[in-house]
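To get the working numbering, take the position in the sequence shown, counting from 1, and add 69.
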Amino acid sequence: MSDTQASERLSVGMRGEKEVVVGQLHTASHLGSGSMAVYATPTMVLHMEEAALSCVDPLLPPGKATVGSFISVRHLAPTPLGMRVRIKATLTAIEGKLLTFSLEAFDDVEKIGEGSHVRAIIDTGRFAEKLAEKVSHVSQVVR
70 MSDTQASERL SVGMRGEKEV VVGQLHTASH LGSGSMAVYA TPTMVLHMEE
120 AALSCVDPLL PPGKATVGSF ISVRHLAPTP LGMRVRIKAT LTAIEGKLLT
170 FSLEAFDDVE KIGEGSHVRA IIDTGRFAEK LAEKVSHVSQ VVR
């Protein structure tokens with residue numbers, strides 16, 4: 070099945086969500102992306118990707134998956150430890166193997182983030198082959 074045929078199972082408007090309570094492991098101070106014990110931008114980006122992935126990957130046939138290829142995010146407001154964060158990813162465009170998502174993040178008080186994300190449908194077998202070639206190349210260079 071081609072990537073285009075795999076995308077035929079998907080439709081614009083589909084949504085994926087991710088919810089998390091901010092813990093120490095999610096903070097800027099823990100990740101080194103800042104000194105404050107608040108929800109970190111890198112963590113928000115991860116959760117946004119997870120929300121988009123959850124929207125589409127379960128609907129793809131065996132041997133197909135998506136990988137992130139672009140993300141643009143604005144972190145709008147801080148979120149403290151212990152507060153809940155909800156991420157929403159909405160599929161806004163399907164162009165062959167490229168899937169575009171609109172992203173929004175909210176804590177219990179306000180909107181804290183927004184952005185867009187593109188994921189590409191891949192053949193996992195071909196992807197693994199390309200990765201193995203790269204690993205082989207690296208091990209030759211290291212010798």
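Heads up, the beta-carbon is just placed ideally off N, CA and C, and yes, glycines get one too.
What number of angstroms, rounded off, separates the C-alpha of Leu115 from the C-alpha of Pro149?
By one-based count along the sequence shown, residue 115 stands at place 46. By one-based count along the sequence shown, residue 149 stands at place 80. Their Cα atoms are separated by approximately 18 angstroms.
Less than 8 angstroms separating the beta-carbons of Gly101 and Leu160?
Reading the sequence shown from its first residue, position 32 is the one you call residue 101. Reading the sequence shown from its first residue, position 91 is the one you call residue 160. If you check the CB distance, Gly101 and Leu160 do not come in under 8 angstroms.
Under 8 angstroms between C-beta atoms of Leu129 and Arg78:
Translated into the one-based positions of the sequence shown, residue 129 becomes position 60. Translated into the one-based positions of the sequence shown, residue 78 becomes position 9. Contact flag set, yes.
Go to Leu129, then tell me how far its beta strand (DSSP E) extends in each direction, as first and last residue.
Position 60 of the sequence shown, counting from 1, holds the residue named residue 129. Element bounds for Leu129: n/a, residue is neither H nor E.
Own chain, CB closer than 7 angstroms to Ala162, minus 5 neighbours either side, in chain order
On the sequence shown, position 93 is the one that residue 162 refers to. So the qualifying residues of the chain are Val81 and Thr169.
Taking the straight line between their C-alpha atoms, what separation do you get for Thr110 and His206?
Your numbering for residue 110 matches position 41 in the sequence shown. Your numbering for residue 206 matches position 137 in the sequence shown. Near 33 angstroms, if we compare the C-alpha coordinates of His206 and Thr110.
Between which two residues does the beta strand (DSSP E) containing Leu168 stretch?
Taking the first residue of the sequence shown as 1, we reach residue 168 at position 99. From DSSP, the beta strand (DSSP E) with Leu168 extends over Leu167 to Asp176.
What does the alpha-carbon distance come out to for the pair Gln93 and Ser104?
Position 24 of the sequence shown, counted from the start, is the residue given in the question as residue 93. Position 35 of the sequence shown, counted from the start, is the residue given in the question as residue 104. Our two residues, Gln93 and Ser104, have alpha carbons roughly 12 angstroms apart in a direct line.
Return yes when the Cβ of Gly184 is within less than 8 angstroms of the Cβ of Val142, no when it is not.
Mapped onto the sequence shown, residue 142 falls at position 73. Mapped onto the sequence shown, residue 184 falls at position 115. Result yes, Cβ atoms of Val142 and Gly184 sit closer than 8 angstroms.
Beta-bridge pairing of Pro149 - partner residues as DSSP gives them
Position 80 of the sequence shown, counted from the first residue, corresponds to residue 149. BP columns for Pro149 point to Val107.
Backbone CA spacing between Gly165 and Ile191 [nearest angstrom]:
Taking the first residue of the sequence shown as 1, we reach residue 165 at position 96. Taking the first residue of the sequence shown as 1, we reach residue 191 at position 122. Cα to Cα, Gly165 sits roughly 11 angstroms from Ile191.
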